[in-house]
Structure formats: structure tokens, C-alpha cells
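Sequence lines, in order, name chains A and B.
Per my numbering, residue -14 is the first one in the first sequence, and the count goes up by one each step.
Per my numbering, residue 1054 is the first one in the second sequence, and the count goes up by one each step.
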Amino acid sequence: MEARRPRGALPPATTARSSRRRFRTLNLAVFLPVLSAVGALLVARQAQTWQQACVLGIGVVTVLVAFERWTAGDVARVALPCLAVAAAVWPYGVLTLDGPLAAAYYPIAVVGSLVVPRLPRHRGAAAIGLVAYVAAVGLLGLLTTTPVSADDLVDLVVVPTGFTAVLTGLMFPNERFYEVVADIEAERDREGELAVVRERMRFAGDLHDIQGHTLHVVKLKIALARKLLHSDTDRVEQELREVYALVGDTIEQTRELAYGRRRLNIVAELENAKNLLEAAGIGVRVDCRAGAARSDDLLAQVLRETTTNILRHSRATLVRITRAGNSLAVANDGADGQGPPDLRGLADLARRVSDDGGELTVEREGGWFRTAATFPAPPVAGDRVATAGEAGR
Amino acid sequence: MTTVVLADDEVLLRSALASLLPLEGDITVLAEASDGAEAVRATLAHRPDGLVIDLEMPGIDGLDAVADVRRTLPGQVVLMLTRHARPDVLRSALKLGVQGFAGKAAEPAHIASVIAALHGGRRWIDQDVSAAAIVDDCPLTDRELDVLRVTRDGYSVAEIATRMHLAQGTVRNYLSSAMQKTQTRTRHEAARYAREHDWL
């Protein structure tokens, strides 16, 4: 039963991780240049001294670090230091910059919007806190300027606060998007596992049905045989014969259950037969033209039977398999030219082929042994109504 | 008279076979072995006409043991018994030159006649063993399976080509051959088919 072990059981997170990697590459490729270019531009235009350029530059670097970790799903690790630096750059800018301030609130807005939606809890409170902090620092700057104008209010408080709020607000749905994608992928993995489990359950049930019954009967029959061992040996022999036959049947049924369900199509079977013959050191030429599939199953049986026969006769060095439409021919150069072709295995098959309206021919010619099965062409459109039930597909 | 060494880790089956084979045919069991290493030692020591060996054994399995034996005795006749070989095992066994392959559930009389046939220089492969290898084996090559594995993750042909360091045309060839062998119309169907057959 070893082959039945579900080999397909992947570690569940494999696909989810692979899509996360793809998003990461995509995000890094698209947004990292944008974030660095915007940051560099703001610093270049708004810093008035080298010291300011340095501090604002650190702010931009913080943004890039936080973003890089964010794409890796690992922003929590750098959240505190990044937030601290970004939070410090904003009041520094408010107090020292003279003119536009975007370079100073850019770090706190971006880092905050990356960190807050990824918090494990209290996200709403954290978002409000973030926006409030940006607003409070702006107000602090407002207090130190005299006289206060409406433009100052807009530059110091309204725009930075609004920018931070909008950015953070946008990142929340973005986070949900990634969660949905992760959910879908987890779902796909679960579905696969579920199918495996369901199949295993069904298999276990069937196995119990087949073997449980037999074991029970065998136990009874052996108990009976033991009782009769010294009194009625004929009966004992009969019981043992029945047990033997019953167990044989059960082994057969179990094998059917375990391995009989996997059907491949004839193209795949052709490939397998070819690999098998080649493994035995026999050259194989396959000439395969697609055809109607009406008798695929019987053709496949012919293929299996002939392949087995060839494997048993070590003389064959070359096999030609030809498939065209509804016929299959297998020829090998292993015929020894003595006696009639061994039709024992093929006789039964020949009968089934002819029952299905086909013909199985076996011939030997010039050292070549050729088995061919041919079926009539499938019914054309006009006949289909009449034979639809029989054709069945 | 045919002499054999019998190797099987299942004691009950081995001893039953060891008692039945001499009754069924003109066969003498020279030695019994319960694992691959022991089978190799016994075969080299006794030089039997045939080595009857179970494929599935712990430690050194039947295939490895046969490969070992053949290094010293290249002509050793081998009958391999199997409960149900993984489909690719028959291929490996044939490559090793194993002459006989029979199901373990076969009648002892059948096994005895197969041993006699192999001793007579013939080859024997049970119909159900070879049919199983044809019906159940994975017809796809390793490369085709690799491509389908990446396909399953949702990549496009161009992305598959980049990831596997192959030309796009090559990837297309692998995919179309995999689709043909599985009789599917799209690469995703082919990947699903392979997944359903536990090939990935």
C-alpha cells in the first residue's frame, strides 16, 4: 500500500510564500525608485544647510528601509527605530526649516502608513495617534511663529496632517488586498489537501468493505476446520479450498481498488510502454498520429499485452509502434520463425476486440512479428443519432 | 534440479514459499535471507541457479541487492517478486537486467514454473506487473514535470523561462509535449492532471 501515500501533500504555505515573493519583487521594482526619487528631490529642494540635508536624508533612508522590510512582510522588526527617526525628523524640520516642509513630514507619513496597518491590534487608535502627532508637531511650529497667518496654518498643520491621514487610510485597504490574496492561496492549498484526505477516507472505507468481510468469513471457516480436523477431513479440505479461493479473490479486489482506478490515455501509455521497452534495451520507434478516441481503452489493452509479450522475448531488438486513427500496430523483430504465433494471451483480447466491431491480426513475416488492432472509423455525424447510446461519448 | 536463494523480509511469506517451492517444482532452496545485505552474502556464497528476491525490503532493497550481486556475478539469474512495485521500478529492474518479475500474490506453482523458465534462459514478466507499469507510470520527463510545477504557481511562459533559465521556445515545447501526453488543452489543465496523479 506504500504507493498510496499521498505524495502531493505540499507544505501548506508554499504557494502563499511564492506569491508573497512575487509581490515583493514587484513592489521593490515599482515603488522603491519612486520613493527614493521623491525623497531625494524633496531633500534637494527644501534643505537649506548641509546639516538639514543630512537629517532629512536620514529620514528618506528610514523610509526606504521601512519599505524594503515592508515588502518582505517584516516591517515589525524595524518599526520602532524607523518610527522614532521619522518622528524626530518632523519636529526638526518644523523648527529649523524655512519654507516648504514636505521633506520633513514625508518620512513620518510614509513609515507610519506602512507600520500602522500591519500592527497586530489597536490599528485604529494607532492611526489616530499618528495623525494627531503630525498635527500636534505642526501646531507646535505654529506657536513658535509670529505672526500666525492662514498660509502657515495650511503649510504646518493641514497639509502634513491631511497627507499622513490619506496615506494611512489608503494603506488599510491595500493591506486587506494582500490578505485576500493570501487567503485565496491558502484556500487553494487546503482544497488540495482536502481532496487527498477525502480520497483517503473513501479508500479506507472501500478497503474495509472488501477485507473486513473476507476476514470475518475466513475466521469462521478456519474455526470450523479446526473443529472438524479429526472427524471430517474431507470437509476440512473443502473449507480450506474455499478459504484459499476467497482470499485470492480478496487480494485481487484489493489490488483493483488500489491500482485499478488510475486511467491514463493512450498517448501517455504509449510513452510509458516506450520507456519500459527502452529500459530493457530494446529500440523503439513510435509513429503516432492523433485519432478518434472511440476505442482507446481496447487499443491500450492491446498495447499492454503486446508490450508484455515483447518484454518476455529477449530476442527483440527493435519495436515499431504505429498508431493512426482507430488502429494500433506493434511490430517487433524478435520472431524466431518457428511455429505459430503464441496467441494464448492475445486470443481473449482478439475476442473482445471483435466484440467491439474491430479486428485483431497477428502475423509473422521475415523475422518480424506484428500485432495490429483496427477499429472501424467512428460514426459520422449522420449516424450519430442512431449510435449515440452505444458510442457513449 | 534448480537451486535458489530466497530473500524476503516477511518471514511468514518466505517460509511458506520455502516450503512450497520444493513441493511445486524441482527446486532446492539453498539459503534464505531476510534483507538485502544477507541476500547478497548468501548469493555470493552459494552461487544458486536463481536468486528469488523481494523488491520491497528494509535497508538495502531488492534493486540495490541485485546491483550488488551483479557486480560479482554479472550473469546471475534473478526473479524479482513484488507486492506492487512503484511503476518506475520495473524500468530500473529491466535496466539492471533482471530476467523475471512476478507478483508476490502469484500461486507458488506459477512462481516455480517461472523459476524453471528463467533457468532455461527465458525472460518472464507477469502481465499485471508490466500492465501496471504502463498504466500507472508517469509518462512525463523530469523537465516537463519541473515546468508544470512552476506552471502550477501561476507563472506565465515568459516567467517560467526566466525562472528555469530556459528559452521560451523550449518551455513551450515542454508544455506542449506535457499537454499532449496528458491529453489536455491548456498548461493549467496539464498541471492539474499531473497533480491529480501525484506526479508533481
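Think of the CB as a built atom: it goes at the ideal place given N, C-alpha and C, for glycine as much as any other residue.
Using the C-alpha atoms, what's the distance from residue j back to residue i?
i, j, result
"A/Arg9", "A/Val15", "10 Å"
"B/Ile1213", "A/Leu20", "30 Å"
"B/Gly1078", "B/His1172", "12 Å"
"A/Val50", "A/Arg185", "48 Å"
"A/Pro361", "A/Asp234", "36 Å"
"A/Leu115", "A/Gly190", "59 Å"
"B/Leu1201", "A/Gly44", "45 Å"
"B/Asn1226", "B/Gly1150", "33 Å"
"A/Thr131", "A/Asp137", "10 Å"
"A/Val144", "A/Pro158", "22 Å"
"A/Val315", "B/Phe1154", "22 Å"
"A/Gly352", "A/Ile236", "40 Å"
"B/Gly1115", "B/Ala1084", "16 Å"
"A/Ser98", "B/Arg1216", "33 Å"
"A/Phe188", "A/Val182", "10 Å"
"A/Ala29", "A/Thr146", "23 Å"
"A/Ala57", "A/Arg5", "8 Å"
With 8 Å set as the bound, which would you pick, yes or no: does the beta-carbon of residue i sit closer than that to a beta-carbon of chain A?
i, result
"B/Val1188", "yes"
"B/Gln1129", "no"
"B/Ser1183", "yes"
"B/Arg1176", "yes"
"B/Ala1069", "no"
"B/Pro1192", "yes"
"B/Ala1155", "no"
"B/Ala1165", "no"
"B/Ala1158", "yes"
"B/Gln1180", "yes"
So the candidates are the options; which of them puts its Cα closest to the Cα of residue i?
i, options, result
"B/Ile1168", "B/Leu1147, B/Gly1103 and B/Tyr1227", "B/Gly1103"
"A/Leu313", "A/Asp272, A/Gly352 and A/Asn294", "A/Asp272"
"B/Val1082", "B/Asp1190, B/Ala1155, B/His1099 and B/Gly1153", "B/His1099"
"B/Leu1193", "B/Leu1134, B/His1250 and B/Arg1216", "B/His1250"
"B/Asp1062", "B/Gln1233, B/Ala1086 and B/Leu1074", "B/Ala1086"
"B/Tyr1208", "B/Ile1113, B/Asp1189, B/Leu1228 and B/Cys1191", "B/Leu1228"
"B/Ala1247", "B/Ala1120, B/Asp1189 and B/Ala1220", "B/Asp1189"
"A/Thr307", "A/Arg175, A/Leu296, A/Thr356 and A/Ala111", "A/Thr356"
"A/Gly123", "A/Val95, A/Gln223, A/Thr81 and A/Leu155", "A/Thr81"
"A/Ile113", "A/Ala265, A/Val133 and A/Thr153", "A/Thr153"
"B/Asp1181", "A/Glu241, A/Thr130, A/Glu164 and A/Lys259", "A/Glu241"
"A/Leu303", "A/Glu224, A/Asp281, A/Ala265 and A/Leu334", "A/Ala265"
"A/Ala358", "A/Thr346, A/Trp35 and A/Glu350", "A/Thr346"
"B/Glu1109", "B/Arg1136, B/Gly1222 and B/Thr1237", "B/Arg1136"
"B/Lys1157", "B/Ala1092, B/Glu1242, B/Thr1235 and B/Val1105", "B/Val1105"
"B/Ser1092", "B/Ser1068, B/Glu1242 and B/Val1058", "The question names Ser, yet the displayed sequence has Ala at residue 1092 of chain B. Out of B/Ser1068, B/Glu1242 and B/Val1058, B/Val1058 has the C-alpha closest to the C-alpha of B/Ala1092."
"A/Gln37", "A/Thr129, A/Arg6 and A/Val74", "A/Val74"
"A/Tyr91", "A/Val221, A/Ala25, A/Asp59 and A/Val181", "A/Ala25"
"B/Asp1107", "B/Ile1164, B/Pro1127 and B/Leu1076", "B/Ile1164"
"B/Glu1242", "B/Val1119, B/Met1217 and B/Arg1205", "B/Arg1205"
"A/Val382", "A/Leu288, A/Asp281, A/Leu155 and A/Gln196", "Since the displayed chain A opens at -14 and closes at 378, residue 382 of chain A lies outside it and no answer follows."
"A/Gln238", "A/Val202, A/His193, A/Lys206 and A/Ala253", "A/His193"
Counting only beta-carbon separations shorter than 8 Å, does residue i have a partner in chain B?
i, result
"A/Asn250", "yes"
"A/Thr292", "yes"
"A/Arg5", "no"
"A/Ala386", "The requested residue 386 of chain A is not part of the displayed model; chain A covers only -14 to 378."
"A/Ala379", "For residue 379 of chain A there is no data in the structure shown, the boundaries of chain A being -14 and 378."
"A/Ala314", "no"
"A/Gly324", "Confidence in A/Gly324 is poor, its pLDDT being 46 and thus under 50, which makes the residue's placement too unreliable to answer from."
"A/Arg289", "yes"
"A/Ala253", "yes"
"A/Leu296", "yes"
Kindly indicate which three-state DSSP category residue i falls into: helix, strand or coil?
i, result
"A/Asp341", "coil"
"B/Ala1243", "helix"
"A/Phe354", "strand"
"A/Asp217", "coil"
"B/Arg1136", "coil"
"B/Gly1103", "strand"
"B/Gly1156", "strand"
"A/Ser21", "helix"
"A/Asn317", "strand"
"A/Val133", "coil"
"B/Thr1215", "helix"
Given a limit of 9 Å on CB to CB distance, which residues of the segment 229 to 243 of chain A reach chain B? Gly233, Ile236, Glu237, Arg240 and Ala243
Note down, in chain order, all residues in the segment 1228 to 1249 of chain B with a beta-carbon under 9 Å from any beta-carbon belonging to chain A. Gln1233, Lys1234, Thr1235, Gln1236, Arg1248 and Glu1249
The segment 255 to 278 of chain A: which residues have C-beta closer than 7 Å to a C-beta of chain B, in chain order? Glu256, Asn257, Ala258, Asn260, Leu261, Ala264 and Ala265
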